[in-house]
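Protein chains in written order, with the working numbering: chain A, 929 to 1354; chain B, 896 to 1144.
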């Protein structure tokens, strides 16, 4: 019996190594996709991950407040600022697009004067309301200055709103500080009270940010952590081209029928196929993930961090492999020709990949597409890796992923069995 | 009751789902040990359906098939061990070599590595494939592929061998080699059941035949006796006399 199992597995292995196109699709394609897409997406992911948004600042203000705003933005470490103070505002749009910056801030001339004028007006009103004497001759009545915020059209609305919110918040700091200083000056105090200033400006309600993770790891998604598992899953499912067409070939050429006349169980044939291709899927993970760990950092891309929970990692890899193999078996059983298996198999994987967040992460998709992603097995495989990489990956969190993939595997296997039974192969 | 019979076919009827007519109707045949039995008939007569039932690929709608080897009625599992099947299609892996194909199918017949190695060499030699034993079958000519197909059916030295058009589309040399080897196999004790459209080949090869048409057995018996009985000088004239001259689809 052992020799029979060995021979059956050996036959599948030989068929696989003779399928050069299938091997290329399964091993070279994911590596190429990981390298190309990670490089392309890296800068976009950096914007989200590294809190250093490239920003172009053109400061035409002659006073101190423009510089103060610039200093606050720099101190925040949220922006990677590039200043071009000699640039006229009319050229700013062109420069923004040419320099590859996502946002630009234009500080107009007279910015400081306008703010000082506003501070003077506020102080004047307060002094008048309090019935205190003060000198109103130095009120300038300058118009309120307007900052201009330029953004790349590809930058999402909510993202640019967040950046504007940050700028507004710094403006509040500057304006409040100026008003207090002006009020103290109008009241003939030599220096402002640091205590009051601190209470009014700096001592604000803090917001603690807590990462909802089960481990101590606070890894945030980066281009590597999305692309390496995503394209590995994509390649795993692309085994439909090799395994699916193998099955069609064996059905059409009569090999399966010949086996039916022999003292052997068809389950052995299926077991051998599944064993070989599950090993192939695991090797795909090893190869692509190794590239993520060892090669990507060498070309300036983020390194892939392997999850701490190794048994859960192994379980996700196994279930993803089984899902890919089961889908290939189903396509192989349903297709009438090799062309059908290859064509439908490949196109269906691309569609599942698009819906499932392989090409574009699901969180940027519209609501109905996010709902549709639940019907893609690739989405659940990717979700499993996200839980492992980004949320520490507990078994509890993986329950839904395992359940969906388990049901998917069962449905595929059952449909394959029924189809082969109808064809009298089993 | 066993009377030196290899296969006893009793009242076999087969109707496929959604078919309007029976593909086989009340077929009764007796194939004796050591026979080279020709199942002959025009296209669509029901020959392949009958072979598929006899090999256990499809079940009959009604009727029984009993197998005997050396006088003993054998079980289904033993039948699978002792019966060989050579389909009309190239039912093997073209990406593999003849040696790899024989190794795999031999293992599926429960042969051990020790049994397989000499048997593979013997078959490759006998069928003129020794020099090509380690080349991929996909690169072979039609005749060579037919010989590989035959070798797989013979790997486990079957007691009963089914051949569905084993020489279709091959050159004279390959056809000659195949028939010669089959005759030797038959002499060594293997009962052969064979279908073909080559009447001259069947006349030379078979000792007994059954003519099937429209799912029914028209005649069966010793070839020479049938030809004499129907006053035919050849199997072809007997065939035309009994099945008519009109085209068949």
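Positions of the beta carbon are idealized from the N, C-alpha and C atoms, including for glycine.
Contact check between the segment 1053 to 1060 of chain B and the segment 1085 to 1093 of chain B: three or more CB pairs, one atom from each, fall below 8 Å, which counts as touching. Rounded to the nearest whole angstrom, the C-alpha separation of residue 1045 of chain A and residue 1112 of chain A is 15 Å.
Closest in C-alpha terms to residue 927 of chain B, from the list B:965, B:1017, B:1067, comes B:965.
Listed along chain A are 935, 936, 938, 939, 942, each with a C-beta nearer than 9 Å to that of residue 999 of chain B. By a beta-carbon distance limit of 8 Å, residue 975 of chain B contacts residue 1190 of chain A. Their separation comes to about 6 Å. Looking at the backbone, the Cα of residue 929 of chain A and that of residue 1094 of chain B are separated by about 43 Å. Think of a sphere of 9 Å around the beta carbon of residue 1007 of chain B: the chain A residues whose beta carbon falls inside it are 931, in chain order. By DSSP's assignment, residue 1089 of chain B forms a beta bridge with B:933, B:1058. The beta carbons of residue 909 of chain B and residue 944 of chain B sit about 6 Å from each other, so the pair counts as a contact at 8 Å. Per DSSP, reduced to three states, the secondary structure at residue 926 of chain B is strand. Listed along chain A are 939, 942, each with a C-beta nearer than 8 Å to that of residue 995 of chain B. Buried is the label assigned to residue 1032 of chain B, since at least 16 other Cβ atoms lie within 10 Å of its Cβ. Sorting B:1042, B:980, B:931 by C-alpha distance to the C-alpha of residue 1097 of chain B places B:931 at the top. Counting C-beta pairs closer than 8 Å gives three or more between the segment 940 to 955 of chain A and the segment 1201 to 1220 of chain A, which meets the contact rule. Annotation for residue 1157 of chain A: the continuous alpha helix (DSSP H) segment containing it runs 1151 to 1165. With its beta carbon less than 8 Å from one in chain B, residue 1181 of chain A belongs to the interface. At a cut-off of 8 Å between C-beta atoms, residue 1005 of chain A does not count as an interface residue with respect to chain B. The alpha-carbon of residue 1265 of chain A is positioned some 23 Å away from that of residue 1337 of chain A. Closest option to residue 945 of chain A, judged by alpha-carbon separation, among A:1073, A:1208, A:1253: A:1208.
Across the segment 938 to 957 of chain B, CB contacts with chain A closer than 9 Å involve 947, 950, 951, 952, 953, 954, in sequence order along the chain. Interface with chain A (8 Å Cβ-Cβ cutoff): residue 1100 of chain B is excluded. For the set A:950, A:967, A:937, A:947, the Cα lying nearest the Cα of residue 1223 of chain A is the one of A:967. Out of B:1109, B:997, B:1128, the CA that lies nearest to the CA of residue 922 of chain B is found in B:1109. DSSP, reduced to helix, strand and coil, places residue 1064 of chain B outside both helices and strands of the structure shown, so it counts as coil. Judged by DSSP secondary structure, residue 960 of chain B falls within the beta strand (DSSP E) whose first and last residues are 957 to 964. Of A:1074, A:1341, A:1280, A:1029, the smallest CA-CA separation from residue 1082 of chain A is found for A:1029. Under the Cβ criterion (8 Å, minimum of three pairs), the segment 1305 to 1315 of chain A counts as touching the segment 1280 to 1297 of chain A. Exclusion of the five residues before and after residue 1156 of chain A leaves 962, 1216, 1217, 1220, 1232 as the residues of its chain whose Cβ lies within less than 7 Å of its Cβ. The C-beta of residue 982 of chain B comes closer than 8 Å to at least one C-beta of chain A.
Residue 901 of chain B sits in a strand when the DSSP states are folded into three classes.
When DSSP states are grouped into helix, strand and coil, residue 1034 of chain A belongs to the strand group.
Listed by position along chain A, the residues whose Cβ is nearer than 7 Å to that of residue 975 of chain B are 1189, 1190, 1191.
Taking the Cα of residue 1067 of chain B as reference, the smallest distance to any Cα among B:1047, B:1042, B:1080, B:1054 is reached at B:1042.
Annotation for residue 1078 of chain A: the continuous beta strand (DSSP E) segment containing it runs 1076 to 1079. Cβ atoms of residue 1031 of chain A and residue 1078 of chain A come within 8 Å of each other, at about 7 Å. The bridge partners DSSP lists for residue 1034 of chain B come to none.
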